[in-house]
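Below: one structure, written as structure tokens.
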Amino acid sequence: MEKYLKKIVEEKDTIKKVDLSEKWLEEVPEVLRECRMVEEIKLTGNDIYEIPDWLFELPHLKKLDISLNDMETLPSAIIKAKDLEFLSFDSPIKKPLPKELARLKKLKKLVIHEQIYGFPDEFFELTSLEEIEFYTPKITSIPDSFSNLVNLKSFTLTQLLFEGKAKPIDFEAVIEVLSTLPKLENLSFSQAGMSSIPANINKLPRLKELNLRGNGIKVLPKELFELKDLRLLDLGQNGIKTVPAEIKNLGQLKTLKLNSNFNPPIDLQNLFNSVKELSSLQNLQLWSCQTNIKLPENIVDWTSLKELDFDNNKVQHLPESMKQMTGLKKLRISNNPIPDAEKEGLVKALKGTKVIV
Numbered sequence: 001m002e003k004y005l006k007k008i009v010e011e012k013d014t015i016k017k018v019d020l021s022e023k024w025l026e027e028v029p030e031v032l033r034e035c036r037m038v039e040e041i042k043l044t045g046n047d048i049y050e051i052p053d054w055l056f057e058l059p060h061l062k063k064l065d066i067s068l069n070d071m072e073t074l075p076s077a078i079i080k081a082k083d084l085e086f087l088s089f090d091s092p093i094k095k096p097l098p099k100e101l102a103r104l105k106k107l108k109k110l111v112i113h114e115q116i117y118g119f120p121d122e123f124f125e126l127t128s129l130e131e132i133e134f135y136t137p138k139i140t141s142i143p144d145s146f147s148n149l150v151n152l153k154s155f156t157l158t159q160l161l162f163e164g165k166a167k168p169i170d171f172e173a174v175i176e177v178l179s180t181l182p183k184l185e186n187l188s189f190s191q192a193g194m195s196s197i198p199a200n201i202n203k204l205p206r207l208k209e210l211n212l213r214g215n216g217i218k219v220l221p222k223e224l225f226e227l228k229d230l231r232l233l234d235l236g237q238n239g240i241k242t243v244p245a246e247i248k249n250l251g252q253l254k255t256l257k258l259n260s261n262f263n264p265p266i267d268l269q270n271l272f273n274s275v276k277e278l279s280s281l282q283n284l285q286l287w288s289c290q291t292n293i294k295l296p297e298n299i300v301d302w303t304s305l306k307e308l309d310f311d312n313n314k315v316q317h318l319p320e321s322m323k324q325m326t327g328l329k330k331l332r333i334s335n336n337p338i339p340d341a342e343k344e345g346l347v348k349a350l351k352g353t354k355v356i357v
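For what it's worth, UniProt numbering labels the leading residue of the sequence shown as 1, then goes sequentially.
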């Protein structure tokens with residue numbers, strides 16, 4: 001710890017970024033008070049129970065992470081950090097979010113950890129917000145007033161496991177509210193306890209990134225494939241049985257993650273039947289699906305692919321045409337019962353590709 005503080009002291013007149021995450025701190029080091037040029041401070045994962053007012057008075061402070069500490073509430077002095085653009089903190093214990101947040105007119109990204117006990121009306125005055133992330137908020141929905149956050153581009157809601165009876169999220173209601181936001185492009189319900197994708201997901205036609213990783217999803221509804229502007233779709237670590245034929249509708253997709261859908265092993269036939277339609281796909285993640293993926297000869301026509309990963313499956317043979325996929329930057333085929341001769345031939349043919357066998 002001493003070496004970190006010594007470095008800060010030596011650079012206190014010029015230092016712009018301070019990272020003291022997970023350093024077992026019980027209080028904010030006084031030396032930070034002298035860092036008048038600092039723009040970003042990370043104090044996450046310590047044992048700090050109080051933030052001194054002077055921290056919020058640092059004239060150039062734009063990013064502040066004080067999450068995962070021992071504070072019971074956010075200090076009212078937060079209003080002094082008028083240029084703050086990023087804030088991450090723990091929700092107050094058994095109190096609504098502080099009204100003082102509304103004074104942070106330049107705030108663009110807000111990250112809140114732990115249970116949220118209510119949203120004051122003032123919260124929805126944060127109209128400069130572009131990104132919101134809630135981690136384990138223990139909420140079942142979000143207020144209709146979220147529609148006031150007209151500049152919101154990205155929304156994350158992760159409901160990690162916690163003690164006691166879990167309150168399931170009403171995803172249909174959340175999506176209904178989010179559908180009123182004109183600029184929303186990125187949505188993440190990763191590890192949120194979603195067992196099925198609501199049909200009204202198609203009310204978010206402007207989505208470019210959708211992350212549903214780590215849920216209990218088994219079936220992909222046709223409405224999902226109406227999101228034709230999607231560039232990234234993460235469906236990894238679910239229980240998806242099959243990829244529907246409608247996957248071909250996502251012609252703008254650049255990254256598709258279907259990894260770890262192994263119970264039951266996912267059926268990928270419709271995906272490989274859509275090589276022609278998915279002409280923008282660059283990154284395909286199929287690792288740990290425990291399935292006998294039958295790669296078609298026409299996979300060579302997937303000229304857009306830069307990264308292909310089907311590690312830890314039951315692939316027995318590689319199509320001869322794969323030797324012509326010289327556009328690949330990375331190919332991982334390890335932990336499959338593929339004959340050594342086939343693997344060696346592929347490595348030799350794809351000299352410009354990082355092949356992991």
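Idealized CB from N, CA, C, for every residue including glycine. Keep in mind it's a predicted model, so treat the numbers as computed, not measured.
Endpoints, beta strand (DSSP E) assigned at alanine 272: As a position in the sequence shown, residue 272 is number 272, starting the count at 1. The amino acid at residue 272 is misidentified as alanine; the sequence shows phenylalanine. Unbroken run through phenylalanine 272 is the alpha helix (DSSP H), 269 to 272; no beta strand (DSSP E).
Rounded straight-line distance, which links the Cα of isoleucine 217 to that of lysine 241: Taking the sequence shown and counting its residues from 1, one reaches residue 241 at position 241. Taking the sequence shown and counting its residues from 1, one reaches residue 217 at position 217. Spanning the alpha carbons of lysine 241 and isoleucine 217 requires a straight line of approximately 9 Å.
Contacts around lysine 306, its chain only, beta-carbon distance under 6 Å, and the 5 residues preceding and following it disregarded: Counting from one through the sequence shown, the residue named residue 306 turns up at place 306. Cβ within range, chain order: Gln282, Lys329.
Where tyrosine 117 falls: helix, strand or coil (DSSP): As a position in the sequence shown, residue 117 is number 117, starting the count at 1. Tyrosine 117 falls in the coil class under three-state DSSP.
Integer Cβ distance of alanine 199 from proline 221, believed to fall under 8 Å: As a position in the sequence shown, residue 199 is number 199, starting the count at 1. As a position in the sequence shown, residue 221 is number 221, starting the count at 1. Contact between alanine 199 and proline 221 holds: CB atoms are separated by about 6 Å, below the 8 Å threshold.
Contact set for proline 265: own chain, Cβ-Cβ below 7 Å, skip 5 residues either direction: Residue numbering aside, residue 265 sits at position 265 when the sequence shown is read from its first letter. These residues qualify, in order along the chain: Cys289, Gln290, Thr291.
Beta-carbon contacts of isoleucine 8 that lie in its chain and below 8 Å, excluding the five residues immediately before and after: As a working note, residue 8 is residue 8 in the sequence shown. Ile15, Val18, Pro29, Val31, Leu32, Cys35.
Rounded distance between the beta-carbons of isoleucine 197 and leucine 212, thought under 8 Å: Against the sequence shown, residue 212 aligns to sequence position 212. Against the sequence shown, residue 197 aligns to sequence position 197. Rounded to whole angstroms, the Cβ separation of leucine 212 and isoleucine 197 is 7 Å, and the two are in contact under 8 Å.
Burial state of lysine 94, where buried means 16 or more other Cβ atoms lie within 10 Å: Here residue 94 refers to the residue found at position 94 of the sequence shown. Lysine 94 is classed as exposed because its beta carbon has fewer than 16 other beta carbons within 10 Å across all chains shown.
Exposed unless 16 or more other CB atoms sit within 10 angstroms - verdict on threonine 140: Working through the sequence shown from its first residue, we reach residue 140 at position 140. The residue is exposed, with fewer than 16 neighbouring Cβ atoms inside 10 Å.
Candidates Leu129, Gly345, Leu160, Leu20: closest to proline 137 by CA position: Locating residue 137 in the sequence shown gives position 137, where the first residue counts as 1. That would be Leu160, whose Cα lies nearest to the Cα of proline 137.
Own chain residues within Cβ distance below 7 Å of alanine 102, not counting five before or after: The count along the sequence shown starts at 1 and reaches residue 102 at position 102. Excluding sequence positions up to five before and after alanine 102, its CB lies within less than 7 Å of the CB of Glu122, Phe123, Glu125, Leu126, all in the same chain and listed in chain order.
Whole-number beta carbon distance between leucine 346 and leucine 318, since they are thought to touch under 8 Å: Against the sequence shown, residue 318 aligns to sequence position 318. Against the sequence shown, residue 346 aligns to sequence position 346. About 6 Å separates the Cβ atoms of leucine 318 and leucine 346, confirming a contact at the 8 Å cut-off.
Arginine 332 - DSSP class collapsed to helix/strand/coil: For this step, residue 332 is matched to residue 332 along the sequence shown. In the structure shown, the three-state DSSP call for arginine 332 is strand.
Residue interval of the beta strand (DSSP E) (run including lysine 63): For this step, residue 63 is matched to residue 63 along the sequence shown. 63 to 65 is the span of the beta strand (DSSP E), which, as asked, contains lysine 63.
DSSP state of aspartate 177 mapped onto helix, strand, coil: Residue mapping note: residue 177 aligns to position 177 of the sequence shown, counting from 1. Sequence inspection shows valine at residue 177; the aspartate mentioned does not correspond to that position. The three-state reading of DSSP puts valine 177 in helix, counting H, G and I together.
Which listed residue (Ala341, Leu64, Trp54) has its alpha carbon closest to that of lysine 42: On the sequence shown, residue 42 is found 42 positions in, with the first residue counted as 1. Here the closest residue by C-alpha is Leu64.
Start and end residues, beta strand (DSSP E) containing glutamate 344: Position 344 of the sequence shown holds residue 344. Secondary structure note for glutamate 344: it is in no beta strand (DSSP E), and the uninterrupted alpha helix (DSSP H) holding it is 340 to 349.
Every unbroken beta strand (DSSP E) within the UniProt domain "Disease resistance R13L4/SHOC-2-like LRR" (200 to 289), with a cutoff of 3 residues, ordered by chain: Segments of the beta strand (DSSP E) lying fully in the UniProt domain "Disease resistance R13L4/SHOC-2-like LRR" (200 to 289): 209 to 211, 232 to 234, 255 to 257, 283 to 285.
Test: leucine 271 CB closer than 8 Å to a CB of chain C: Absent from the structure is chain C; it holds one protein chain and no more.
Residue(s) in a DSSP beta bridge with asparagine 186: Translated into positions along the sequence shown, residue 186 becomes position 186. Within the DSSP bridge table, the entry for asparagine 186 names Ser154, Glu209 as partners.
Distance CB(asparagine 238)-CB(asparagine 202) smaller than 8 Å: The sequence position of residue 238 within the sequence shown is 238, counting from 1. The sequence position of residue 202 within the sequence shown is 202, counting from 1. It is not a contact, given that the beta carbons lie outside the stated cut-off.
Rounded straight-line distance, which links the Cα of glutamate 40 to that of lysine 23: The residue labelled residue 23 in the question sits at position 23 within the sequence shown. The residue labelled residue 40 in the question sits at position 40 within the sequence shown. Taking the straight line joining both Cα atoms gives about 17 Å.
Residue from Pro296, Thr326, Thr303 with nearest C-alpha to glutamine 316: As a position in the sequence shown, residue 316 is number 316, starting the count at 1. Comparing Cα positions, the closest option is Pro296.
Beta strand (DSSP E) segment containing lysine 94, residue limits: Reading the sequence shown from its first residue, position 94 is the one you call residue 94. No beta strand (DSSP E) holds lysine 94; DSSP gives it neither H nor E.
Pick from Ile169, Ile247, Leu224, Leu84 that is closest to leucine 278, judged by C-alpha positions: Within the sequence shown, the letter at position 278 stands for residue 278. Nearest option by C-alpha distance: Ile247.
Boundaries (first-last residue) of the beta strand (DSSP E) holding aspartate 5: Taking the sequence shown and counting its residues from 1, one reaches residue 5 at position 5. Looking at the sequence provided, one finds leucine at residue 5 rather than aspartate. Careful: leucine 5 lies outside any beta strand (DSSP E), inside the alpha helix (DSSP H) at 2 to 10.
Glutamate 185 vs arginine 206 beta-carbon contact at 8 Å: Position 185 of the sequence shown holds residue 185. Position 206 of the sequence shown holds residue 206. Yes; because the gap between Cβ atoms is below 8 Å, this pair is in contact.
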